[in-house]
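Engineer:
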Amino acid sequence: MFRNVSASHLSMRSVGAAGSGGGAGAGAGSSGVVGADGGVVLQSSYSAAAYNSDSSNGAQPRQFRSRRSGAADAKPAARAAGRPQPPSLQQQNAFLRSCALYRSEPMARVRLYFDRVAAHDTIEELGVLGALQFEDLNASQSAFQRSFTSDLKACEEIQRALRFLRAQIESTPGVQINSAVALDLASEVRLDDLAQHISALELGLIEMNSHWDALKVQMNALVEFLAVFEQCSSFFGSSSIRMLLADSNRSTSAALNFDALLSSSALDGAAVASLTRPKEGFSSLQLITGVIQRDRVASFERILFRATRGNCLLRMFDEVQITTARKNGSNGSDEPVPKSVFIVLFSSLEIKLKVTKICEAFAASRYPFPEDGSERERALQESTTRLGDLKAVIASTEKQRRDMLVDIGFNLMLWEHKADREKAIFHVLNLLNYESSTKLFIAEGWATRASIPAIQEALERARRRSNAQLPSVFEEKGKVSTVDHDFHSHDAASASPPTFFKTNKFTQVFQGIVEAYGVAEYQEVNPAVFTVITFPFLFAVMFGDIGHGLLMAAFAVYLIRNERDLEQRRARLGEFVGTCYDGRYVILLMGVFSIYTGFIYNEFFAFPLELFGRSTWKYTESSIMACGVDNCADAAAAAPPLQTYAFGFDPIWKHARTGLLFFNSYKMKLSIVLGVCQMALGLCLSLENARFFRKPLDIWYGFVPQMLFLMSIFGYLVLLIVLKWLTDWNSASCRMSSICEAPDIKNILIGMFMSPGRVPAKNQLFPGQAAVQLLLFIVALISVPWMLLPKPLILRARYSSQLRLGYKKLESDDQETPGESGGAAAHDSCEHTGGFNFGDVMVHQMIHTIEFVLGAISNTASYLRLWALSLAHAQLSDVFAEKLLIASWRSGNVILIAIGFSMWLALTLGVLMMMESLSAFLHALRLHWVEFQNKFYNLNGGGKKFSPLDLSPSINY
Amino acid sequence: MAPGGMIGFNVDDGFLEAIVRGFRAGVLTSVDYVNLTQCETLEDLRMHLSGTDYGGFLANEPAPLSTAIIAELATKKFVDEFRSIHVQAVEPLKSFMDYLCYPYMIDNMVLLITGTLQNRDISELLDKCHPLGTFDSMASMSIATTPEELYREIIVDTPLAPYFVDCVSMEDLTDINVEIIRNTLYKAYLEDFYAFCARMGGSTAETMCEILEFEADRRAINITLNSFGTALSKDERARLYPNIGVLIPEGMFKLSRADDPQMVASAIDGYPTYRALFQEASENQEKSLEDLFFTREVALCRNTFEMQFHYGIFYAFLKLKEQEVRNITWIAECISQKQRRKINNYIPIW
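Chains as they are written, first to last, in UniProt numbering: chain A, 1 to 957; chain B, 1 to 350.
Here you go:
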């Protein structure tokens, strides 16, 4: 454990160094204007690093422990160190373990043998441990030829039943699924019992539903009948009926034709009622009453009219709401269906047949309306009592069903988890190889070297648990190490180990930023280490403002303080807040760094602060220019102050007319300096990779010429910038000289290529400049063919000498030693795959060379975005402050001030804090992905992420 | 801007074309079929299908699976896909896709009429109807007793009304008359659709006309072959032949005079494509002429995906998916009836 602690300090120091590397640029760039900021950078980045080391020491093992079920947390490191290993390897491992984030965890190809009896428990233990990524040993078998397919099907059957139960619960209002059930109990539930229990529950529920449905159908019929009854009664028994009866009595039968009925819509109801009375002598008029679904009314009406050629009369009443029967499918619905009562009146038997058919076709239920008064009474009474009984029965059925669902809901999550888990286990079992002669299962896969003791313990635990006779055997196949990896192995692609970085809650988001670009190859240098500091720093260069930084940091602090609470609600946070929550530590660092750059830019919501004393410039009437406070003897000379402002920009620049020019010049140069520094760091990391993977060709014909090229042009540019900053262009001696004028750096650089060996006097910055420039020009020229030619030629020479010696590619050793080659072998695929094609290699190298040479120019220019965004940010916040805050303040009107302030606040939050920060974030991201990482990271794109079987309850499969 | 042309195609239909091409990627390949034919039980079949684009479409079905359920849900899946495209389509693609639904309407209508003639329960019949061919007053089909009533009460509301005009004069609904109605409707539909596609111009006309001509020829040949031994007169039969197709005019004329399969074979002797199909059918006992026609249709549909900026792929998607469901159903039937010998008689698509 002690070794771990000290080691992580070591790694943090390297992070601090990276930060100071970035900061040194700022320090160098601002020497004239800014004071001792280099130290501050170091300090602030170091404090961030110290924070990092805290969290990596504190949080990481805790996380580890919770996942590894508490058994072996401190032991692995000690055990691994105690194992007999070759000294160089041990040294290597100790170093690697110390820089957990710098290179991915060392992996081991492991092979496990265990008894058939112990197979299930073993996989379960290993899954709970979550440290082993299984490889498919039966790739040639199709899905249903594998041994555990039937078990998988059983799991799927359980899952199906569980989905049914869940749907039933969710469609029943008032029944909740208990989400607080302890998922840890999953290992105590037996799958067979669960299957039986679930299928019994499902059958019970289906039976109950069908019972309920039958009752519901009966009840619906009664409700519909009562509705028809009510409508018909009110229709035939309305107050006007008697009057109209008398009316119709007087009229002759001939007068009563349908046209008259139809035309007098107000009267028709009553008139028809009178017609239907047998005693009136019009018994030929008949009626059909019933209920139909409301959405079918229109077409029902139309068909009815067409089929009877208008010889019928239809009345609709939109009254009834009927709840439908519950389906036994997954989505049982309980929604009420609107239905309408209808009355059809017609005169002939032929039409009656047709209407009956139409009713059937439209699934309309018909209910006869008793004509006799006493019969009507009896039917009404009967139906009402039956309805009352049915309602009671349905209520008790409903309660029973609800109780059952509540019971199910209590354990449902646990069962679902168990079923998912068993399915995962059987899936893994399907990947294993079964040796029928020895009755042993063979599993193969990848594990981090550090977790090997834990795996062995898990094996032993599982063996004991299952009382297996045969011991479980752990075997590490061919040591995977980058030190003594075999240069001539050919199976790089199939067997390169997966990449796994042990992250904590602080570093994981930076790792995420890097991995969004691509997964690192095994043991490749991980840029996330540097990204921790450089990313927020580059962001802050574009977002420098104390006020905005404070807001951002406060937001991040709020998120971090409520971490525990938010973590539980993570799934419900929504996309925006959720993303912010995931990135809370990046946001914190971005905020803190913005405060820092804000101090340098001396901006607080676009207002300059006088924190480090008053301005060192003053304005006198005698001159059009300002002069230094302590150096104003001759005001007309506009001499600068002797003592510069203590830290950051002098606040007076904000009000000066030349202020913008001054800021632009400074920020532009700063961007170039930072960019060249970061790209040089990227090149150095490629050197580190080449050294680590033992590839001297990449050092001598890759790194060296590339570095020379970059330094001879852009390193020189940085040198010129610094020299120009350091020269005092206002010194007395310089003022006397007629040629002492600040040269244009652009012109110097262009002149270096256009007229090598000659420097005009106005471009002269230091003595001997012409010779230096000529030398650098020649170096840059030479380094291009240096990058291009030697590597392919040497490869060809090696290949032909191999051929001369009669070596041939071995075909069969691929299966024998899949573990022996490191991921590094992929780098050499060009060199060692059989059939060396010089043309391909040459074209490949040519593309790389062109890309680097052109990229060096365009990437440097690309860093100017730092300046552009910083300018945009400063100007936007300036405009908002000036036009809204100051303008409204000057007006003196309280209402105007309130409006101005609220608008300023809204714009600051909406435009600057949200949109502008997002844009700065994206540009920082781009600078890291494209300009920084393309120098060394993931060049072959062959990285694979380590994805172990993990059965912990928090995982959603 | 011609609807069938390249310019402007993507304005309205590019998105949907892309969607269809995406669905096309989900069509089962020959590898999938090989795997499917190796299944021992329907459960294995379910497992295999869950690894394809069909995904979990059978996941919620309880254990004893039936072929009918598989066919129903597979149909439902592509119908849902088709509908999702249909609702997003704008004119003229909308009309084009409406046309694609009409054959299913015709089939549904005929199914309902024959069902009612045999006094089958209407709700049972409705379950058997193809979901793409549903129309409003389908259920009330049973109330009509004569073609005239049928037209006046029901068909007049449906898009099939213009095709039905020729059938109104028929006296009553007998089995043979229903068949004649079906074929007359089909003929009118094919001619109308053909004219519609030809109007579109561009690649749409190119691809669709070829397919529809084949469709018309196939119908003519099938009508002729099926008419032997029935009461259908030659004149009546000739009236059922569509007025499009490569067999026009000579082949159709010869077909109209054919008395036995031999004469049909000689009628199409001048047309290499069909002659080859006939020859293969007579040589190969395993494959019927019907299967070979389907194979040819699949090939034509497959070809439509080789071109861009036309509506043919919407048609082809529907037909290929339909064929795929037929294949799955066939394989499932063979598995459940233990007829493994015939299991390879499906028609591979890709």
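Glycine is no exception: its CB is placed at the ideal position from the N, C-alpha and C atoms.
Assuming the contact rule is C-beta atoms closer than 8 Å, B/L255 and B/L277 should be a hit. Round their C-beta distance to whole Å, please.
Structural biologist: By one-based count along the second sequence, residue 255 of chain B stands at place 255. By one-based count along the second sequence, residue 277 of chain B stands at place 277. Rounded, the Cβ-Cβ distance is 15 Å, inconsistent with contact.
Engineer: Cutting at 7 Å between CB atoms, please list the residues of its own chain near A/K75, excluding the five before and the five after it.
Structural biologist: Stepping through the first sequence from its first residue, residue 75 of chain A is reached at position 75. Low per-residue confidence applies at A/K75: pLDDT is 39, beneath 50, and the placement is therefore not dependable enough to give any value.
Engineer: Have a look at B/L240, B/I113, B/C39, B/F309 and flag the residue whose alpha-carbon is nearest the alpha-carbon of A/A361.
Structural biologist: As a position in the first sequence, residue 361 of chain A is number 361, starting the count at 1. The option with the nearest alpha carbon to A/A361 is B/I113.
Engineer: So, at 7 Å on beta carbons, what are the nonlocal neighbours of B/E210 in its own chain, with the 5 sequence-adjacent residues on each side left out?
Structural biologist: For the purposes of this step, residue 210 of chain B is taken as the residue at position 210 of the second sequence. If we look at B/E210 and ignore the five residues flanking it on each side, its Cβ neighbours are L300.
Engineer: Can you tell me which of the three DSSP states residue 961 of chain A falls into?
Structural biologist: Beyond the ends of chain A as shown, which are 1 and 957, falls residue 961 of chain A; an answer cannot be given.
Engineer: Bridge partners of B/W350, per DSSP?
Structural biologist: If you number the second sequence from 1, residue 350 of chain B lands on position 350. Note: B/W350 sits in no beta bridge, so no partner.
Engineer: So, A/S472 versus A/E460, is the Cβ gap smaller than 8 Å?
Structural biologist: In the first sequence, the residue the question calls residue 472 of chain A occupies position 472. In the first sequence, the residue the question calls residue 460 of chain A occupies position 460. In this structure, A/E460 lies closer than 8 Å to A/S472 by Cβ.
Engineer: So that I know if they touch, is there some Cβ in chain B lying closer than 8 Å to that of A/E360?
Structural biologist: Translated into the one-based positions of the first sequence, residue 360 of chain A becomes position 360. So, interface residue.
Engineer: Who are the Cβ neighbours of A/V228 in its own chain at under 7 Å, not counting the five residues just before and after it?
Structural biologist: Position 228 of the first sequence holds residue 228 of chain A. Same-chain partners within the cutoff: T289, G290, V291, V341, Y367, F369.
Engineer: Is A/L262 helix, strand or coil when you go by DSSP?
Structural biologist: Residue mapping note: residue 262 of chain A aligns to position 262 of the first sequence, counting from 1. Bear in mind that a pLDDT of 42 at A/L262, under 50, signals an unreliable position, so the number given afterwards is only what the model happens to contain. DSSP places A/L262 in helix when its eight states are reduced to three.
Engineer: Please report whether the beta-carbon of B/D44 lies at a distance below 8 Å from any beta-carbon of chain A.
Structural biologist: Your numbering for residue 44 of chain B matches position 44 in the second sequence. Yes, B/D44 lies at the interface with chain A (some Cβ there is under 8 Å from its Cβ).
Engineer: Is there contact between the stretch 533 to 551 of chain A and the stretch 870 to 881 of chain A, where contact requires at least three CB pairs shorter than 8 Å?
Structural biologist: At 8 Å Cβ cutoff, the stretches touch.
Engineer: Touching or not, the stretch 789 to 800 of chain A and the stretch 834 to 852 of chain A, by the rule of three or more beta carbon pairs under 8 Å?
Structural biologist: Short answer: they touch.
Engineer: Check the DSSP bridge columns for A/M316 and list the partner residues they point to.
Structural biologist: Mapped onto the first sequence, residue 316 of chain A falls at position 316. In the DSSP output, where bridge partners are listed per residue, A/M316 has A/F342.
Engineer: Less than 8 Å between the CB atoms is what I'm expecting for A/L412 and A/I169, so what's the real figure, rounded?
Structural biologist: Position 412 of the first sequence, counted from the first residue, corresponds to residue 412 of chain A. Position 169 of the first sequence, counted from the first residue, corresponds to residue 169 of chain A. Rounded, the Cβ-Cβ distance is 7 Å, consistent with contact.
Engineer: By Cβ distance below 6 Å, which residues in the same chain neighbour A/S737 in space, the five residues on each side in sequence not counted?
Structural biologist: On the first sequence, position 737 is the one that residue 737 of chain A refers to. Contacts found: none.
Engineer: Terminal residues of the continuous beta strand (DSSP E) containing A/M107?
Structural biologist: One-based indexing of the first sequence puts residue 107 of chain A at position 107. Taken as a continuous stretch (DSSP letters only), the beta strand (DSSP E) holding A/M107 covers 107 to 115.
Engineer: Count the other C-beta atoms from every protein chain shown that fall within 10 angstroms of the C-beta of A/I425, then say buried if there are 16 or more, exposed otherwise.
Structural biologist: As a position in the first sequence, residue 425 of chain A is number 425, starting the count at 1. Per the 10 Å Cβ criterion, buried.
Engineer: Which term fits B/A68, buried or exposed, when burial requires 16 or more other beta carbons within 10 angstroms of its beta carbon?
Structural biologist: Counting from one through the second sequence, the residue named residue 68 of chain B turns up at place 68. Exposed: under 16 other Cβ atoms inside 10 Å.
Engineer: Can you list the residues of chain A that B/D172 reaches, using a CB-CB cut of under 9 Å?
Structural biologist: Residue mapping note: residue 172 of chain B aligns to position 172 of the second sequence, counting from 1. Residues of chain A passing the Cβ test: none, with the nearest at roughly 17 Å.
Engineer: With the cut-off set at 8 Å, would you say A/V519 and A/Y102 are in Cβ contact?
Structural biologist: Indexing the first sequence from 1 puts residue 519 of chain A at position 519. Indexing the first sequence from 1 puts residue 102 of chain A at position 102. Contact: no.
Engineer: Mapping DSSP to helix, strand and coil, what is A/A18?
Structural biologist: Within the first sequence, residue 18 of chain A is the residue found at index 18, counting from 1. Interpretation of A/A18 is limited by its pLDDT of 38, a score under 50 that renders its predicted location unreliable; the figure taken from the coordinates is listed afterwards. Three-state DSSP puts A/A18 in a helix.
Engineer: Out of A/M752, A/R798, A/Q764, which one is the CA nearest neighbour of A/I778?
Structural biologist: In the first sequence, residue 778 of chain A corresponds to position 778, counting from 1. The shortest Cα separation from A/I778 among A/M752, A/R798, A/Q764 belongs to A/M752.
Engineer: Restricting to Cα atoms, I'd like to know which of A/V704, A/F441, A/E741 is closest to A/N138.
Structural biologist: For this step, residue 138 of chain A is matched to residue 138 along the first sequence. Among A/V704, A/F441, A/E741, the Cα nearest to that of A/N138 belongs to A/F441.
Engineer: For B/D80, would you say it is in contact with chain A, using Cβ-to-Cβ distances shorter than 8 Å as the test?
Structural biologist: For this step, residue 80 of chain B is matched to residue 80 along the second sequence. Taking Cβ atoms only, chain A never reaches closer than 8 Å to B/D80, which makes this a no.
Engineer: When we look at the beta-carbon of A/K216 and count the other beta-carbons within 10 Å, is it buried (16 or more) or exposed?
Structural biologist: In the first sequence, the residue the question calls residue 216 of chain A occupies position 216. Under this definition A/K216 is a buried residue.
Engineer: Would you say B/M47 faces chain A, with C-beta separation under 8 Å as the test?
Structural biologist: Taking the first residue of the second sequence as 1, we reach residue 47 of chain B at position 47. Output row for B/M47: interface = yes.
Engineer: Pick from A/P527, A/K935, A/V529, A/V592: whose alpha carbon is nearest that of A/L550?
Structural biologist: Along the first sequence, one-based indexing puts residue 550 of chain A at 550. Here the closest residue by C-alpha is A/V592.
Engineer: When you compare the CB positions of A/L162 and A/I198, do they come within less than 8 Å of one another, or not?
Structural biologist: In the first sequence, the residue the question calls residue 162 of chain A occupies position 162. In the first sequence, the residue the question calls residue 198 of chain A occupies position 198. A contact, by the Cβ cut-off of 8 Å.
Engineer: Could you tell me how far apart the beta carbons of B/L36 and B/I331 are, in whole angstroms, since I believe they sit closer than 8 Å?
Structural biologist: Residue mapping note: residue 36 of chain B aligns to position 36 of the second sequence, counting from 1. Residue mapping note: residue 331 of chain B aligns to position 331 of the second sequence, counting from 1. About 5 Å; that satisfies the 8 Å criterion.
Engineer: Can you grab the Cα-Cα spacing for the pair A/G310 / A/L304, in whole Å?
Structural biologist: Start at 1 with the first residue of the first sequence, and residue 310 of chain A comes out as number 310. Start at 1 with the first residue of the first sequence, and residue 304 of chain A comes out as number 304. Distance between the alpha carbons of A/G310 and A/L304: 8 Å.
Engineer: Can you check which of these residues, B/S142, B/V298, B/H86, is closest to A/A363 by C-alpha distance?
Structural biologist: Numbered from its first residue, the first sequence carries residue 363 of chain A at position 363. The shortest Cα separation from A/A363 among B/S142, B/V298, B/H86 belongs to B/S142.
Engineer: Could you have a look at B/Q279 and say whether DSSP puts it in helix, strand or coil?
Structural biologist: On the second sequence, residue 279 of chain B is found 279 positions in, with the first residue counted as 1. In this structure, B/Q279 counts as helix in the three-state DSSP scheme.
Engineer: Return the chain-ordered list of same chain residues with a C-beta closer than 8 Å to the C-beta of A/L949, the five sequence neighbours on each side being excluded.
Structural biologist: The sequence position of residue 949 of chain A within the first sequence is 949, counting from 1. Here the set comprises I123, L126, G127, G130, L132, Q133, F134, A424, V428.
Engineer: Based on the DSSP secondary-structure assignment, which residues constitute the bridge partners of A/F604?
Structural biologist: The residue labelled residue 604 of chain A in the question sits at position 604 within the first sequence. A/F607.
Engineer: What residues of chain A sit near B/C39, judged by a beta carbon separation below 9 Å?
Structural biologist: Mapped onto the second sequence, residue 39 of chain B falls at position 39. What B/C39 touches in chain A: F144.
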